[in-house]
Structure formats: C-alpha cells, structure tokens
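Participant: Just so you know, the protein sequences line up as chains D and C, in that order. Using the numbering used here, you'd call the opening residue of the first sequence number 19 and step up by one each time. Using the numbering used here, you'd call the opening residue of the second sequence number 336 and step up by one each time. Where a beta carbon is used, it is the ideal one built from N, C-alpha and C, also for glycine. Everything numeric in this text was worked out from a predicted model, so none of it was measured.
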Amino acid sequence: MKKNKSWLDYLWLWTIIYFVLGFFNILFAWLGMIDFILPLLFAIFGGNKFFCNKLCGRGQLFSMLPKKFKCSTGKTAPGWLLSRYFKYGFLAFFMIMFMNIIYQSWLVFGGAKSLNESIKLFWTFNIPFHWAYTAKNFPEWSAQFAFGFYSLMLTSALIGLIVMMLYRPRTWCVFCPMGTMTQIICRYKNRG
Amino acid sequence: MSKRFVRVNKNLCASCGACSKECPRNAINIFRGCYAAVDEKLCVGCGLCARTCPAGCIEIILVEEDS
Chain D
19 MKKNKSWLDY
29 LWLWTIIYFV
39 LGFFNILFAW
49 LGMIDFILPL
59 LFAIFGGNKF
69 FCNKLCGRGQ
79 LFSMLPKKFK
89 CSTGKTAPGW
99 LLSRYFKYGF
109 LAFFMIMFMN
119 IIYQSWLVFG
129 GAKSLNESIK
139 LFWTFNIPFH
149 WAYTAKNFPE
159 WSAQFAFGFY
169 SLMLTSALIG
179 LIVMMLYRPR
189 TWCVFCPMGT
199 MTQIICRYKN
209 RG
Chain C
336 MSKRFVRVNK
346 NLCASCGACS
356 KECPRNAINI
366 FRGCYAAVDE
376 KLCVGCGLCA
386 RTCPAGCIEI
396 ILVEEDS
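1. Mapping DSSP to helix, strand and coil, what is D/A161?
2. Mind pulling the chain C residues with CB within less than 9 Å of D/L100?
3. Tell me where the alpha helix (DSSP H) around D/V192 begins and ends.
4. So with Cβ pairs under 9 Å, would you call D/N118 a contact of chain C?
5. Drop a sphere of 10 angstroms on the beta-carbon of C/S337, count the other beta-carbons inside from all chains shown, and report buried for 16 or more, exposed for fewer.
6. Give the residues of chain C in contact with D/K88, contact being defined as C-beta atoms less than 7 Å apart.
7. With a 10 Å radius around its C-beta and 16 neighbouring C-beta atoms as the bar for buried, classify D/A150 as buried or exposed.
8. Any beta-carbon of chain A closer than 9 Å to the one on C/G382?
9. Could you work out which residues of chain D lie near C/A372, taking near to mean beta carbons separated by less than 9 Å?
10. Roughly how many whole angstroms lie between the Cα atoms of D/K207 and D/Q201?
11. Taking just the CA atoms, how far does C/E400 sit from D/F80?
12. Once you ignore the five residues that flank C/I396 on each side, which residues in its own chain have a CB closer than 8 Å to its CB?
13. For C/V398, list the residues DSSP reports as bridge partners.
14. Distance check for D/G128 and D/G50, CA to CA, integer angstroms please.
15. D/K85: which of D/P187, D/C191 and D/T198 sits nearest, CA to CA?
16. Is it the case that the segment 164-178 of chain D contacts the segment 44-61 of chain D, given that we only count it when at least three CB pairs across the two stretches are under 8 Å?
17. Please return the same chain residues whose Cβ sits closer than 8 Å to the Cβ of D/F108, not counting the five positions on each side in sequence.
18. Classify C/I365 as buried or exposed, calling it buried when 16 or more other Cβ atoms lie within 10 Å of its own Cβ.
19. Are the Cβ atoms of D/K67 and C/G368 separated by less than 9 Å?
20. Going by CA-CA distance only, name the one from C/P389, C/C378, C/E394 and C/R386 that's closest to C/R360.
21. Where DSSP assigns a beta bridge to D/F46, which residues make up the other side?
22. Per DSSP, what kind of secondary structure is D/P84 in: helix, strand or coil?
23. Given a threshold of 16 other Cβ atoms within 10 Å of its Cβ, counted over all protein chains shown, does D/I44 qualify as buried or as exposed?
24. Assess contact between the segment 176-184 of chain D and the segment 90-104 of chain D, defined as three or more Cβ pairs (one per stretch) separated by less than 8 Å. Is contact present?
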C-alpha cells in the first residue's frame, strides 16, 4: 500500500535550505530557533511529539537519503549509543554547549570579546566563515550567536549523517537532544 | 493458527515515529509522545517497522491462536 504524500513530507528541503541560506548569510542561522522552539511548544502544550513525527526536516532527510542512495548499513547501533545514559548525557553536553554560545554572544555584546567570524565544527575545528557576515547593520552579538548556532546545527547534522551511514537511517533520532527533551516532557505530562 | 505481530520495548523507544511512517497498515501510532503503540488487530507482523526502528526496540512476536 503506497501512502499518499502531503506537503509535510517535503520538509527535508528545509534542512538543506537552512544550511544554504546560512552559508551565504550567517544571520539566517537564527531561523534554526524554529527547530528548537516548535518541538518544545508541541510537547509543552500538546503533550505530543508531532514535530519529530511529522515535521522534522532532519529526520525526513535521514530516512530519505538511504532510500534514494543506499547509503546506510541498516545495522542496529551499539547498545551504549541507544542507552538512556548516553541520551541524557548527550542532552546535557548539548545544553552546556548551547549555553556557551549564549555566553560568547553576551561577551561580544558587552564588548569583552570581539566578533569571531568563524564556525567551529565538532566543537573543535575552526573554519573561517567571514564571507557570511556582510550585513553589518545588525549588532555583532547577534552575528556571534548566529555563527555559534550554525556551528551547532551543522555539527549535529554531520553527526546525524555519520550515524545514518554507519547504522540505521534515523539513528540520530534516538539521541537527538530535542527528541530526548520533548520525550521527557511528554512522559512527565502523561505520568501515572 | 498463528498470528504475527510486533511488540515495542517502551523503555527504549525514542518515539521518533519512523516506524509509524513505514507501516503499510497504519497500525502504529505514537502514544502521546511517549512510545510507539501498535494496534495488534491491524498489525500483520510484516516487520518493516522492526527493520526501520533506529533504537532496535521492535520485535516480531508469533502467537498460537485457537481457532
């Protein structure tokens, strides 16, 4: 039985558009906040994971790519990667790194640090990205946040792509910090 | 007669919804964002979901039924 496709099934395009826009103008990285806020709104007010289930462009991209290009082994990921300890640990790590982005933007805002026009991949590798910041009429702290946030989004997408190839297509979803956070909220709301 | 259906380990399920997208019978729903719930009346135990589940938390069950 072939399922009818709706426009919601093409939201993987959003993931690609997001990275392309950010490549040319880093301030578009702010749009990624949609992917941060929407899942939380659905979880807090709806008590569901509608975002993960129907809207997440990244999840769609990870399930679509292996279908088209056969680029996934399809093996189950090792137990530790699927465990709760890893999920919650990764969420904590991710949150600390997100706080750091805010802190760095705060330093630029206060003038304690100058704007660093580069992105950091895997929290380690600095990559110059100065061409993406030309709209100088925006405050520098907002650009600093955008560089940091774009780094975070790109790094997590790359981790997702790596586990997609090594294991099953949507392995990222198991330890996706947003997914973990929304599931904690949903479980809390439906406890008892 | 025996019937095949799948069972979800609710503790491991990430409720990502990959299984429900794959299910040709629309037998899987994500129950309130907590886990994947299988409608055993609709499920035919084809195992498509079990092969898709990134958490590997779906297993195929075979039960003998008295007819």
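Facilitator: Quick answer:
1. D/A161 falls in the helix class under three-state DSSP.
2. Residues of chain C passing the Cβ test: L347, A349, P389, A390, G391 and C392.
3. Under the DSSP assignment, D/V192 falls in the alpha helix (DSSP H) whose first and last residues are T189 to F193.
4. No, no contact with chain C.
5. The residue is exposed, with fewer than 16 neighbouring Cβ atoms inside 10 Å.
6. Within chain C, no residue has its CB atom less than 7 Å from the CB of D/K88, the nearest being about 14 Å off.
7. D/A150 comes out buried.
8. This model lacks chain A altogether, as its protein chains are D and C.
9. Counting only Cβ-Cβ distances below 9 Å, C/A372 has no contacts in chain D at all, with the closest Cβ about 12 Å away.
10. Computed Cα separation, rounded: 10 Å.
11. D/F80 and C/E400 have their C-alpha atoms roughly 39 Å apart.
12. The residues are R339, F340, V341, R342 and G380.
13. Per DSSP, C/K338.
14. Between the alpha carbons of D/G50 and D/G128 lies a distance of about 24 Å.
15. Looking at the Cα atoms, D/P187 is the closest of the given residues.
16. With a cut-off of 8 Å on Cβ pairs, the segment 44-61 of chain D is in contact with the segment 164-178 of chain D, counting three or more such pairs.
17. Answer for D/F108: F193, P195 and T198, listed in chain order.
18. Classification for C/I365: buried.
19. The answer is yes: Cβ separation under 9 Å.
20. Of C/P389, C/C378, C/E394 and C/R386, the residue nearest in Cα terms is C/C378.
21. Bridge partners of D/F46: none, in fact.
22. Annotated three-state conformation of D/P84 is helix, per DSSP.
23. Looking at its Cβ environment, which holds 16 or more other Cβ atoms inside 10 Å, D/I44 is buried.
24. Contact holds: three or more Cβ-Cβ distances are below 8 Å.
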